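What follows is a set of notes on a single structure, which appears directly below.
Pasting the structure below:
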């Protein structure tokens, strides 16, 4: 009987295991994960307060960097950025660093207009120095004042600082014509004291940098040290300026302005206290958002792409169809107009009455007369269309300064840009297909067709140097862009310039005249007065800079060079 029970029990156990093993596994539904990054293209131009293009400006997005070229332009293709908000830093020696930020749209192309203020600018900047154990004061020519208590500073490690304190500050006036170029962030987004996202309406701002001459310092937050700050209110804003206003400081890492205190209106100034320094803005905030949009065309109704449109305290740029749009704060009167001196004289702005949350003002349109149309097509080495960024620049007869427009090509590689009708010489700079190229044009007709502009990936360009400071023959091969052009100077002399750039360095060849037949050989002159020269700058582990003082240069090909 016991054996029967035991056998029966074993049979049931085996049966259970068999059927359990045959049972299908439960299919688990994976939990979806949202992407944390996306890819965008960032391009644009950098100028100073006089609208002069700034070359050599470092443009940094995360770990990706580039520098602006001779016309102040830059191009970063398919950059990986956080999906929540990206931050772009612009820095150059002798200028105040600026940070721009925005919420990215995947695969979007962003065309930025950026301005940097010189540390020595007499209108907007000021500086001072003082011993750390004494009180300090910075009184700027524009009326802004900062007062520091004695023994008020700490280093980046939190240690008390003793020594000479250097302070630099730049004033941001919202009534400046090109204010949106110089302001931090750029989209007017911020968070109030409760952490709620809002839009801000600025009245005055200060960018303050404190150092020991080399490294940054901050106010002593450990002992709750504060500085007294007086912000000058522009005359045209005095009447509308509220008696008490929020102080927003800009977090450069987050790319966002945060409410952090208040200031009181006293006479023509806002007076308040701050506990640390960055970019501070006296601003009203508005929880609602509205939309303003419209089209910019020429006199015939053709769309004008790449046109900066000032919308309140921000910029919008027209796309290939001449369309622009911008999110703005609610409850605020918004002035919308064409950026002064771009393509024409003053175009009468339009005044948009305060909008409600979710509201919009569409068809805020502008027509610009008296323009010259420039068309063309970007192609690769095989003649196939390339999508690219196209920059058209010239010296303005209206603004008496350098002016530009730019756009991205259509899918078929074609582009249309506009310039002042009186201009007879300009430069077209193109980025795309892994390279960039600059072409000079002389638009004698209206419209003017620049034809096909060829842009090819960089070829096998190398530079071999032998001799001091090189102990052995060294080859530099990481040259990734090139440009060549011809021009006539103010005395009527013809010149040819060839530039090659890359991570290893750059070199430049200059000759007199335009080589029309090849090969053409030129004799190199001396450093000081040679009409033909070759100059090189090498980077990296071995750095050198010099000019060849003898020898010859042979031009073997003219026209569109593929490699």
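In our numbering, the protein residues as written are 37 to 599. Idealized CB from N, CA, C, for every residue including glycine. Model, not experiment: these values are computed from the prediction.
What did DSSP end up calling residue i once you bin it into helix, strand or coil?
i	result
residue 215	helix
residue 173	strand
residue 90	coil
residue 603	This structure does not reach residue 603, given that the chain is present from 37 up to 599, and the question cannot be answered.
residue 386	strand
residue 59	Because the pLDDT of residue 59 is 45, which lies under 50, any placement of that residue in the model is unreliable, and the number read from its coordinates should be weighed accordingly. Looking at residue 59 - three-state DSSP - the assignment turns out to be coil, as it is neither helix nor strand.
residue 80	strand
residue 144	coil
residue 326	strand
residue 597	Interpretation of residue 597 is limited by its pLDDT of 49, a score under 50 that renders its predicted location unreliable; no figure is taken from the coordinates.
residue 185	coil
residue 155	coil
residue 405	coil
residue 194	coil
residue 85	coil
Have a look at residue i and residue j and give me their C-alpha separation to the nearest angstrom.
i	j	result
residue 122	residue 82	18 Å
residue 361	residue 213	19 Å
residue 357	residue 439	21 Å
residue 319	residue 235	10 Å
residue 242	residue 350	17 Å
residue 230	residue 283	14 Å
residue 297	residue 317	11 Å
residue 587	residue 89	35 Å
residue 591	residue 458	35 Å
residue 141	residue 201	43 Å
residue 555	residue 589	10 Å
residue 295	residue 105	37 Å
residue 57	residue 71	The predicted model places residue 57 with a pLDDT of 46, which falls under 50 and marks its position as unreliable, so this point remains unresolved.
residue 157	residue 246	17 Å
residue 60	residue 74	Because the pLDDT of residue 60 is 46, which lies under 50, any placement of that residue in the model is unreliable, and the number read from its coordinates should be weighed accordingly. The straight-line gap from Cα to Cα measures roughly 39 Å.
residue 532	residue 430	19 Å
Could you please give the first and the last residue of the uninterrupted beta strand (DSSP E) stretch that includes residue i?
i	result
residue 136	134-138
residue 307	305-310
residue 235	233-247
residue 118	109-118
residue 282	280-287
residue 365	359-365
residue 302	292-302
residue 252	Run containing residue 252: none; DSSP gives neither H nor E here.
residue 466	462-468
residue 477	471-477
residue 453	450-456
residue 166	161-167
May I ask you to list the residues that DSSP assigns as paired with residue i?
i	result
residue 642	There is no way to answer for residue 642, as the model of the chain reaches only from 37 to 599.
residue 556	591
residue 346	351, 373
residue 442	427
residue 210	Beta-bridge pairing links residue 210 to no other residue.
Which whole-angstrom value describes the C-beta separation of residue i and residue j, a residue pair presumed to lie in contact below a C-beta threshold of 8 Å?
i	j	result
residue 468	residue 545	In fact, because the Cβ distance is near 25 Å, the residues do not count as touching under 8 Å.
residue 369	residue 387	7 Å
residue 76	residue 98	The pair is not a contact, with the Cβ atoms about 12 Å apart (cut-off 8 Å).
residue 427	residue 107	7 Å
residue 292	residue 127	Residue 292 to residue 127, Cβ: 19 Å. No contact.
residue 422	residue 416	5 Å
Measure from the C-beta of residue i to each C-beta in chain B and report whether the shortest distance is under 7 Å.
i	result
residue 168	Note that chain B does not occur in the displayed structure, where there is just one protein chain.
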